[in-house]
Amino acid sequence: MLMDYLKPVLFFIPLAIVQLVVIPLISIYNIIPNLILILIVYYTLKEGQIFGTILGFVLGFLLDLISGGLIGAFMFSFTISAFISGYFYSENKMDTNLASYFFLLIVFISACVNSFLFARISNSNSNVNLLLLMMEEGLLPGLYTTLFGLPLVVFNSKNRI
Amino acid sequence: MLKFLRRLVYNYKEYILLTFLSVISLSTLSSNEKPFAKHLKIFAIGNFSLFSEMATKATSIFHVDDSVPKLKEENAKLMLDLNRLRKAENENTELRSMLSLRDTSKYPLIPSQVISKLITVSQGNFIINRGAKDEIKKGMPVLNQSGLIGIISDVADNYSTIKTLFNSNLSIAITIQRTNVSGILTFDGANLIIKNIPSTYDVQVGDIIETSEFSSLFPPSVPIGVVLKKETINLGLLHILTVQPLANISGVNDLFVMKIVPSKQVNQLEMNLLK
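Those protein sequences? They're chains A and B, same order as listed.
338 is the number that the working numbering gives to position 136 of the first sequence; each next residue is one higher, with no gaps.
443 is the number that the working numbering gives to position 47 of the second sequence; each next residue is one higher, with no gaps.
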């Protein structure tokens with residue numbers, strides 16, 4: 203059981219370095235993809251909703267600690283997005299979910315929710331335009347993150363063949 | 397009853413878990429300023445930043461040049477000098493001696509490099525490769541050759557966290573250089589704005605914004621940005637100014653920490669604004 207959680211945590215370390223060091227270099231108007239979320243969605247679809255929710259919580263906590271941001275912001279947003287992506291978990295359709303473009307749709311939904319929740323929580327300024335936040339911190343990072351989920355789908359579909 | 401409860405827990409275990417974890421996350425949010433959370437964060441940053449620093453070095457192999465940091469430091473000093481001289485044009489010598497303006501260029505600058513960035517629309521946090529061992533303290537201003545970047549918010553032994561101007565939790569007392577109009581600069585998630593400037597005050601698009609003499613967090617006359625847009629609100633009584641930062645904050649890699657030790661009492665009071 204512990205090993206099940208250890209594996210994604212081990213993947214998390216290099217991904218977190220890439221997320222905090224390399225990904226900012228490709229930001230477009232402060233909009234960046236979230237690689238950690240792709241990892242969480244992947245494991246949620248592989249292991250189930252409860253596993254994913256706990257994993258989102260743990261990885262969110264770790265990312266909060268090492269990124270220097272508010273502790274609790276990623277924790278909350280990852281937990282909720284993993285829970286939402288857990289609705290798409292099906293033992294029988296695991297291969298279809300992970301190796302088809304349906305995976306990208308799940309990543310998109312989760313990324314939009316995650317980005318929006320994170321922005322809403324970490325922003326104490328009450329004057330921030332909600333519609334702007336939904337657009338800039340919901341849809342656009344969601345699309346950008348989805349783009350980074352594409353190689354995973356291609357890799358999984360090739361392995362399936 | 398027990399059986400019913402057991403069945404209820406079994407049927408709704410996902411929702412119970414979600415509620416439990418969400419409550420923990422949200423309660424953690426409110427305890428960010430507690431010493432334990434601070435120490436935990438500093439410990440994590442101190443250890444993880446080693447890896448980030450290595451990765452940063454690996455990604456910056458194409459633009460490593462020993463003379464560049466020195467030239468950038470010189471540039472930053474010259475920028476401060478230039479700004480001071482610009483100000484001198486607008487004020488007469490007598491008035492300046494009466495105000496006894498502090499000379500910002502006398503503060504030493506500690507060169508540092510950004511090793512990781514947390515970029516979101518509402519939260520701009522950087523981690524730099526200088527910490528308490530380099531005599532960096534919480535509250536020190538951070539700038540580069542173009543202008544102000546942010547402020548040190550947490551310090552570990554070898555690393556520090558910066559709250560950039562693009563952080564909605566940071567408010568800065570500013571002055572418009574040309575007319576000495578004061579205001580508070582905040583980030584609204586999209587732009588840097590200065591609210592509630594009376595429309596009778598002389599403010600024009602293109603005016604330079606700099607740190608105010610009223611701020612003890614920042615030394616005076618550090619350039620921040622220029623007025624990009626002026627909007628009228630409340631039946632023409634007030635203005636909202638949109639400010640374009642002089643420094644390219646998102647793309648910055650090399651920066652300087654201004655080694656100042658402000659008044660302790662005032663500093664402690666102002667530090668509460670950072671929380």
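Idealized CB from N, CA, C, for every residue including glycine.
No experiment lies behind these values; they were computed from the predicted model shown.
Measuring only the C-alpha atoms, how far is F350/A from V223/A? Straight-line measurement puts the Cα of V223/A at about 16 Å from the Cα of F350/A.
Tell me which residues share the same chain as A313/A and place their Cβ nearer than 7 Å to its Cβ, disregarding the 5 neighbours each side in the sequence. Cβ neighbours of A313/A beyond the five flanking positions: N236, L239, P343, G344, T347 and T348.
Check distances from the C-beta atoms of the stretch 250-263 of chain A to those of chain B and list, in chain order, the residues that come in under 7 Å. Taking 7 Å as the Cβ-Cβ cut-off against chain B, the residues of the stretch 250-263 of chain A that qualify are Q251, I252, T255 and F259.
Just mark I215/A as buried or exposed, buried being the case when its beta carbon has 16 or more other beta carbons within 10 Å. Exposed, by the Cβ-count rule.
D553/B CB to nearest chain A CB: under 8 Å? By this cut-off, D553/B is not an interface position.
Does any C-beta atom of chain B lie closer than 8 Å to the C-beta of G344/A? The beta carbon of G344/A does not come within 8 Å of any beta carbon belonging to chain B, so the residue lies off that interface.
If we ignore side chains and look at the alpha-carbon of each, how far apart do F290/A and E606/B end up? Each residue's alpha carbon lies about 52 Å from the other.
Reduced DSSP secondary structure (H/G/I, E/B, other) of L642/B: The three-state reading of DSSP puts L642/B in coil, since its state is none of H, G, I, E or B.
Shorter than 8 Å from the beta carbon of K533/B to some beta carbon of chain A? Taking Cβ atoms only, chain A never reaches closer than 8 Å to K533/B, which makes this a no.
Burial state of Q600/B, where buried means 16 or more other Cβ atoms lie within 10 Å: Looking at its Cβ environment, which holds fewer than 16 other Cβ atoms inside 10 Å, Q600/B is exposed.
Do L514/B and N525/B have their beta-carbon atoms positioned less than 8 Å apart in this structure? Contact: no.
Roughly how many whole angstroms lie between the Cα atoms of S279/A and Q251/A? The alpha-carbon atoms of S279/A and Q251/A are separated by roughly 15 Å.
Distance cutoff 8 Å, beta carbons only. Does V158/A sit that close to anything in chain B? Beyond the ends of chain A as shown, which are 203 and 363, falls residue 158/A; an answer cannot be given.
Taking CB distances under 8 Å as the criterion, tell me whether N521/B reaches chain A. Yes, contact with chain A.
With a cut-off of 8 Å, does the C-beta of E410/B fall near any C-beta of chain A? Output row for E410/B: interface = yes.
Grab me the residues of G527/B's own chain with a C-beta within less than 8 Å of its C-beta, minus the 5 sequence neighbours each way, in chain order. Excluding positions up to five away in sequence, the list reads G442, V551, A552, D553, N554, Y555 and S556.
Could you pull out every residue in the same chain whose Cβ sits closer than 6 Å to the Cβ of A643/B, ignoring the five residues on either side in sequence? Cβ within range, chain order: N540, S542, G543 and I545.
Please state whether DSSP places K295/A in a helix, a strand or coil. Note: K295/A maps to coil in three-state DSSP.
Just to confirm my understanding: we take S512/B, look at its own chain, exclude 5 residues before and 5 after, and list those with CB closer than 6 Å. What are they? Within the same chain, S448 and I523 come within 6 Å of S512/B by CB-CB distance, once the 5 residues on both sides are set aside.
Just the Cα atoms here: how many angstroms apart are T415/B and G274/A? Rounded to whole angstroms, T415/B to G274/A spans 14 Å at the Cα level.
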